[in-house]
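Visitor:
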Amino acid sequence: MAANRSKDSFPSITATEMVKRAAALVPVLRERAGECETLRRIPDQTRDDFVQADIMRISQPVSRGGVGLDMDSVYEVALELGRGCGSSAWMGSFWPLHNWMIGLWSKAAQDEYWAKSPDTLSSTAWDTLTCKVEPASGGIRLSGHWDFSSGIDHADWAMLFVPGNPVGMALVPRKDFRVLDTWHATGLCGSGSNDVVVDSAFVPEHRILNMENAGNGRTAGRELYGTPFYKLPLWMWLSYSLAAPVIGMAQGAVESFEDLMRGRIEGLSGARAAERPANHLRLAESSAEVDAARMLMRSNLRQLIEWADAGV
Amino acid sequence: MNISSISSRAASPDASDWLDEAEVAKLTPAMLVERAREIRDLAASFAQEAERMRRPADAVISAMRRAGIFYHFVPARYGGREFGLQTFIDIVTTVAEGCASSAWVMSFYMQHNLLLSQFPLQAQEEIFSKYPYVLAPVTTAPPGKAVPVDGGYRLSGYWKYTSGVVHANWLMLAAFVERNNVPAEMRLFMLPVEQARVIDKWYVDGLAATGSQDVAVDNLIVPEHLSMEFEKIRSGVGHGKEMQQSHLFSLAVDVLLNVSSSSPAIGAARACVGHFRKRLLERSPIGADGKPDIRPSSMARLAEATLAAETAELLLREAADRAEAAARARQTLTAEQRLRIRSHIVYAVKHAKKAVQIVSDAAGTSAHSLDNPIQRAVRDVVMISSHTVYDWDIAMDLLGRVLTDTVSENMLLHHSAGQVG
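So the protein lines, in turn, are chains A and B. Here our numbering runs 691 ahead of the position in the first sequence, where the first position is 1. Here our numbering runs 3 ahead of the position in the second sequence, where the first position is 1.
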């Protein structure tokens, strides 16, 4: 697959091809799911597999090494990955989102972010525990503490929510933040959603994103790239980044339930669970629920893309 | 291995923390409930560590022993107290407020002393003369194999989910007796815990601290008197009522087992709702009237979760009362009557699960941190609900069949047998 990663061949990559690559990873993710939970973050091997499969680059701007697809393809991939491992799918959805988000920043910030490699990774932190902003020449001096920053252990950069008027997001390189290992959770155990701390780091003006403008779809990304999702207000669709892997996880649970029921002989009675009508109902109802969730998401995304194309 | 060598290998009693006669005589229900509160707080302080160890904390089991909890159901003729089911529920739900895993193990330890009284007198005399109480897990699934031999049975099998095995001194294992190479009736066999191999496969997401490991026995000779027909134990018509005065020894054992296994869920749900209430009070901004300004939707959730937890407890207590009333009247309940009572306990557990799920839906991400008692209660209650007797589909199918008079005795047997342990 590495051979496919030359930039020239990317235009041939379709959403279908990306979903196929994600499907090929599902058995591997299942196998590593326990290890991922024990590590409490994504195994390096899985991160590398995502890089190799170009998952990180799905919606990355083409001029920055992206494969030329948009966020709707990210969600199709996340649906697939979710069948294998929830935490991995969570990051399989977030990493490409973050590389899409970088496109919202000023050109100067993007140049810095992608200076070393088109495979640069980042995480976001939205939940601000403390935050101190001091004016500094050409930017701000930032200190703060954020929690729930999924995948932060693998991040070269962090996008940190900065309260204020207007609210903003600061793009901060690895050398300027620390990670606190706090992620001991009952679910998404492997997402590595640790805390981030910044101690008095200088953030130049060009690395601060005005989130009010981003929320309304007025960003550099719209000017520079103009693809459908850069035209849409962020808040209209950002939550699908969380929903898509969850729908995939539900699909995986339905599949696991089906497998379990096929093999199960019930306790003392010796009856086959696969023959119990109640189990048929549970299976039918749960798979219909997941199908409905997937269809709702796809139909909403289609509507959004139509609006973006129509320039509404 | 012959029978006499077995009896000489009996578990060596650890007498260091047994209560003396005067101390046992002074125990009252209120005193045990008071001590249960102390055990609750101790168990809560060990809850996360015990989950990491995947077994109950030694200090917590030790505190239960020293508190005299395990004399509760021991026959008075062997020095026990014969306290009733409502006190039992008080004690177990209270400890479950701090740690459902600890309460789960304690509940079965307590109640299996009552089960032992259904065994032949010789077994009771032999065991209770050396031990003031037993810590004896019961496990039935999958049933083992017992072949009749001179003076007893040759027992083999591999049993799963032996809750309490970590701190046990005895074990009760179910097996089908093979006659002419065909499995016939099911019996329960008692053996010192040292005679079984323990296999630790307890890696789970709920009741994680119970240490409910697997056990195996290969061609072990168990004397006749240390075994008992399972069906007679289950319906409470073993040797208990022949020899003991109290109505407790006429109780339908399958109902009793439901009380044992549901009480930890009820206590955990009660505590979970309490933690949620505290969280709302502490985390909401203070309004203009100086009171916490709690979101209306959170208020509604708190109210609904509280009602669900209270309903669960009422259902359980009422079911226990019905079983005790029948036992007092020396009435032997039919399998169907017992199922009707047990269905109320199944419904109680459903309400406990509803209570914790309402809380879980509203308590936010930080409630899922491993040191937060809310998430532990949610996992523990969901785990208890997964127990075969609380499987909603199976339970409703069975009750439906009882209501339409289309149930078979075999179905009832399988269902109530599945819950032991």
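Beta carbons are placed, not taken as given, at the ideal position from N, Cα and C, and that holds for glycine.
In chain order, what residues of the region 339–352 of chain B put their CB closer than 7 Å to some CB of chain A?
Guide: none
Visitor: Buried or exposed: where does A/Trp817 fall if 16 or more other Cβ atoms within 10 Å of its Cβ makes it buried?
Guide: exposed
Visitor: Any idea if B/Gln248 is buried or exposed, counting beta-carbon neighbours within 10 angstroms, 16 or more meaning buried?
Guide: Its Cβ having fewer than 16 others within 10 Å, B/Gln248 is exposed.
Visitor: Please list the partners that A/Ala876 has in chain B, where partner means a Cβ-to-Cβ separation under 7 Å.
Guide: His371, Ser372, Leu373
Visitor: For B/Leu35, which residues does DSSP report across the bridge?
Guide: Its beta-bridge partners do not exist; DSSP assigns none.
Visitor: In its own chain, which residues sit with a C-beta less than 6 Å from the C-beta of A/Ile704, not counting the 5 before and 5 after it?
Guide: Val758
Visitor: According to the Cβ coordinates, are B/Ser266 and B/Leu229 closer than 8 Å?
Guide: Cβ atoms of B/Ser266 and B/Leu229: not closer than 8 Å.
Visitor: So is A/Ala984 in contact with chain B if we call contact Cβ pairs under 8 Å?
Guide: no
Visitor: Using 8 Å as the threshold, is the region 33–50 of chain B in touch with the region 64–79 of chain B, meaning 3 or more CB pairs across them?
Guide: The region 33–50 of chain B is in contact with the region 64–79 of chain B.
Visitor: Are the CB atoms of B/Ser372 and B/Phe252 nearer to each other than 8 Å?
Guide: no
Visitor: Are the C-beta atoms of B/Arg382 and some chain A residue less than 8 Å apart?
Guide: Yes, contact with chain A.
Visitor: So for A/Ser981, helix, strand or coil by DSSP?
Guide: Before going further, note that residue 981 of chain A is Val rather than Ser in the sequence given. A/Val981 falls in the helix class under three-state DSSP.
Visitor: How is the beta strand (DSSP E) around B/Asn184 delimited, first residue to last?
Guide: Taken as a continuous stretch (DSSP letters only), B/Asn184 belongs to no beta strand (DSSP E), as it is neither H nor E.
Visitor: Is it right to say B/Glu52 is buried, meaning 16 or more other beta carbons lie within 10 angstroms of its own, or is it exposed?
Guide: exposed
Visitor: Does DSSP put B/Cys102 in a helix, a strand or coil?
Guide: coil
Visitor: Out of curiosity, what's the CA-to-CA distance linking B/Ser264 and B/Thr96?
Guide: 11 Å
Visitor: Determine the chain A residues that contact B/Gln378 at a beta-carbon separation under 7 Å, and present them in chain order.
Guide: Thr877
Visitor: For chain A, is any of its Cβ atoms less than 8 Å away from the one on B/Asp20?
Guide: no
Visitor: Between which two residues does the alpha helix (DSSP H) holding A/Leu760 run?
Guide: Taken as a continuous stretch (DSSP letters only), A/Leu760 belongs to no alpha helix (DSSP H), as it is neither H nor E.
Visitor: Going along the region 715–746 of chain A in order, which residues come within less than 8 Å of chain B, judged by CB to CB distance?
Guide: none
Visitor: Considering just the uninterrupted stretch of the alpha helix (DSSP H) at A/Trp781, what are its terminal residues?
Guide: 777–792
Visitor: Please report the Cβ distance between B/Asp257 and B/Arg333, rounded to the nearest whole angstrom; I am assuming they are in contact, meaning their Cβ atoms lie under 8 Å.
Guide: That belief does not hold up - the Cβ atoms of B/Asp257 and B/Arg333 are roughly 18 Å apart, past 8 Å.
Visitor: Run down chain B in chain order and give the residues with a C-beta less than 7 Å from the C-beta of A/Ala969.
Guide: Asp396, Asp400
Visitor: Determine the closest residue to A/Gly1002 out of A/Arg723, A/Ser808, A/Arg909, with distance taken between C-alpha atoms.
Guide: Per the Cα distances, A/Arg909.
Visitor: Out of A/Ala806, A/His971, A/Gly842, state which residue places its alpha-carbon closest to the alpha-carbon of A/Ala780.
Guide: A/Gly842
Visitor: Is B/Asn172 helix, strand or coil when you go by DSSP?
Guide: Assigned with DSSP and collapsed to three states, B/Asn172 falls in coil, not helix or strand.
Visitor: Please check the pair B/Lys356 and B/Val385, which I expect to be a contact at CB under 8 Å, by giving their CB distance rounded to whole angstroms.
Guide: 6 Å
Visitor: Restricting to Cα atoms, I'd like to know which of B/Met399, B/Val240, B/Glu245 is closest to B/Ala255.
Guide: B/Val240
Visitor: Output the boundary residues of the beta strand (DSSP E) element that contains B/Asn375.
Guide: Here B/Asn375 belongs to no beta strand (DSSP E), and DSSP marks it neither H nor E.
Visitor: Using CA atoms only, rank isn't needed, just tell me which of A/Val870, A/Val853, A/Val888, A/Met902 is closest to A/Leu795.
Guide: A/Met902
Visitor: Quick one: what does DSSP say A/Met692 is sitting in, helix, strand or coil?
Guide: Its pLDDT being 40, under 50, A/Met692 is placed unreliably in this model, and the value from its coordinates should be taken loosely. The three-state reading of DSSP puts A/Met692 in coil, since its state is none of H, G, I, E or B.
Visitor: Answer with buried or exposed for B/Trp426, where buried requires no fewer than 16 other C-beta atoms within 10 angstroms of its C-beta.
Guide: Nothing about residue 426 of chain B can be reported from this structure: the residues present for chain B run from 4 to 424 only.
Visitor: Buried or exposed for A/Ser932, going by 16 or more other Cβ atoms inside 10 Å?
Guide: By the 10 Å Cβ count, A/Ser932 comes out buried.
Visitor: Using DSSP bridges, identify the partner residues of A/Glu771.
Guide: According to DSSP, residue pairing for A/Glu771 in a beta bridge does not occur.
Visitor: Would you list the residues sitting across from A/His836 in a DSSP beta bridge?
Guide: A/Thr821, A/Val888
Visitor: At the level of alpha carbons, what is the spacing between B/Leu260 and B/Ala212?
Guide: 20 Å
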